[in-house]
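Enquirer:
2 protein chains.
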Amino acid sequence: MDRASVFNQYLRTKGLKNTRQRMIILETFLASASHYSTEELYQVLRTDHPRIGYATVHRTLKLFAECGIATELNFGDGQARFEPLYTDHHHDHLVCTRCGKIIEFIEPRIEQLQREVAQRYDFTVDSHRHELYGRCINCSQ
Amino acid sequence: MDRASVFNQYLRTKGLKNTRQRMIILETFLASASHYSTEELYQVLRTDHPRIGYATVHRTLKLFAECGIATELNFGDGQARFEPLYTDHHHDHLVCTRCGKIIEFIEPRIEQLQREVAQRYDFTVDSHRHELYGRCINCSQ
DNA sequence: TAGCTTTTGAAACTCAATTTCATTAGCGTG
DNA sequence: CACGCTAATGAAATTGAGTTTCAAAAGCTA
């Protein structure tokens, strides 16, 4: 089932409504280069849909996270960011502190070690954050 | 060189002043169980030093981070937290989302894999964040 | 289509972080 | 030690992302 269907089904089961704004935001969000903050997505939407309000964008992104088609990220710049979630391959992030570029990486051995660590402390992990900050190849001199 | 000396030397080289407030905040911060938010440290200080203002606590914690004796953490609860930095053993965190308990863990094999990942993308790492969120042993049913 | 419920969007509000600014306090020099 | 300069302090104001409010508009179900 694709992410649009997941979202629509989530709306239906929760008794929420399938509105024009939500569909436009969903479409734009899924089509976009990911890692948008609310403000950034709002600015992108303004071009073609100037009547859609910031609060609606914000609430809709929260809904995406709730229903599992997006994850909320925070890279320490004081703005929450969202990315479409691909359930079939978990990844973490390299964040360039100069140009803002975000690189996704997959490293199953790290995931495995995380499970080991959690077990060591009798800890039940629900989620994790793992980001490396520094310079991407273009920004290192 | 201990952390108090590092801070004092930092003040001197930057032409900043060694004030009563800064010394009190430093002492309380180093003596404390770590991972204080600004607000929490401010509340602790209020007991014995009610004249020290919130802004001063905030500015002083930022100074600690600047001079390298503390690191700024963010566990997604909307408040920055600070912990005294021990340069001799880097660690990451397990964060209990129910009781707020914070467990520090060390796993050199994860550090090593991080270096591998960075190399894979020609990325120069300056810092990283790695936190596992879930339930500690007391909070899992 | 009616009637009920949710959504929208503008504006207001929240809350931590940060800045402002007049007063106070370090600190180097004479 | 006092002078004078500079930085620090603390109360209050400001910022900015996030969230809530509320009257009007729109979706949904019968």
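Chains as they are written, first to last, in this note's numbering: chain R, 1 to 141; chain E, 1001 to 1141.
Where is the CB? At the ideal position from N, CA and C, for every residue including glycine.
(1) Identify each residue in the segment 110-129 of chain R for which the Cβ-Cβ distance to at least one residue of chain E is less than 7 Å, and report them in chain order.
(2) Rounded to the nearest angstrom, what separates residue 1132 (chain E) and residue 15 (chain R) at their Cα positions?
(3) Are the beta-carbon atoms belonging to residue 3 (chain R) and residue 73 (chain R) less than 9 Å from one another?
(4) Please report the straight-line C-alpha distance between residue 1050 (chain E) and residue 1040 (chain E), rounded to a whole angstrom.
(5) For residue 1001 (chain E), tell me which candidate among E:1068, E:1058, E:1107 and E:1043 has the shortest Cα-Cα distance.
(6) If you draw a straight line from the C-alpha of residue 9 (chain R) to the C-alpha of residue 31 (chain R), how long is it?
(7) Using a Cβ-Cβ cutoff of less than 6 Å, which residues in the same chain neighbour residue 54 (chain R) once the five nearest sequence positions on both sides are dropped?
(8) Locate the beta strand (DSSP E) running through residue 103 (chain R), then write down its first and last residues.
(9) Under 8 Å between beta-carbons, which chain R residues line up against residue 1105 (chain E)? List them in chain order, please.
(10) Below 9 Å on C-beta distance, what does residue 1140 (chain E) contact in chain R?
(11) Of all the beta strand (DSSP E) runs that stay within the bounds of the segment 38-103 of chain R, which reach a length of 3 or more residues?
(12) So is residue 1094 (chain E) in contact with chain R if we call contact Cβ pairs under 9 Å?
(13) Listing by chain order, which chain R residues have their CB less than 8 Å from the CB of residue 1137 (chain E)?
(14) So is residue 1061 (chain E) in contact with chain R if we call contact Cβ pairs under 9 Å?
(15) Can you look up residue 16 (chain R) in the DSSP assignment and give me helix, strand or coil?
(16) Between which two residues does the beta strand (DSSP E) harbouring residue 1126 (chain E) extend?
(17) May I ask you to verify whether the segment 1114-1123 of chain E touches the segment 97-115 of chain R, counting CB pairs closer than 8 Å and requiring at least 3?
(18) Verify whether the separation of the beta carbon atoms of residue 111 (chain R) and residue 90 (chain R) is less than 9 Å.
(19) Any idea what DSSP makes of residue 1121 (chain E), helix, strand or coil?
(20) Quick one: what's got a C-beta closer than 7 Å to residue 26 (chain R)'s C-beta in the same chain, skipping five residues either side?
(21) Just to make sure I have the definition right: I need the residues of chain E whose C-beta is within less than 9 Å of the C-beta of residue 97 (chain R). Which are they?
(22) Establish whether the CB of residue 1086 (chain E) and some CB of chain R are separated by less than 9 Å.
(23) Whole-angstrom Cβ separation of residue 1125 (chain E) and residue 134 (chain R), contact assumed at under 8 Å?
(24) Would a check of beta-carbon distances place residue 131 (chain R) closer than 9 Å to chain E?
(25) Assuming residue 113 (chain R) and residue 1129 (chain E) form a contact by the criterion Cβ under 8 Å, report the distance between their Cβ atoms to the nearest whole angstrom.
(26) Listed in chain order, which residues of the segment 1061-1076 of chain E have Cβ atoms closer than 7 Å to some Cβ of chain R?
(27) Give the straight-line distance between the Cα atoms of residue 1064 (chain E) and residue 13 (chain R), rounded to the nearest whole angstrom.
(28) Kindly say whether residue 134 (chain R), judged by its beta-carbon, lies nearer than 9 Å to any beta-carbon of chain E.
Expert: Looking at the coordinates:
(1) 110, 113, 114, 117, 118, 121, 122, 123, 124, 125, 126, 127, 128 and 129
(2) 33 Å
(3) no
(4) 14 Å
(5) E:1068
(6) 20 Å
(7) 42
(8) 102-105
(9) 117, 120 and 121
(10) 122, 123 and 124
(11) 70-74, 80-84 and 92-96
(12) yes
(13) 121, 122 and 123
(14) no
(15) coil
(16) 1124-1135
(17) yes
(18) yes
(19) coil
(20) 4 and 7
(21) 1126 and 1127
(22) no
(23) 4 Å
(24) yes
(25) That pair is no contact at about 16 Å.
(26) 1074 and 1076
(27) 50 Å
(28) yes
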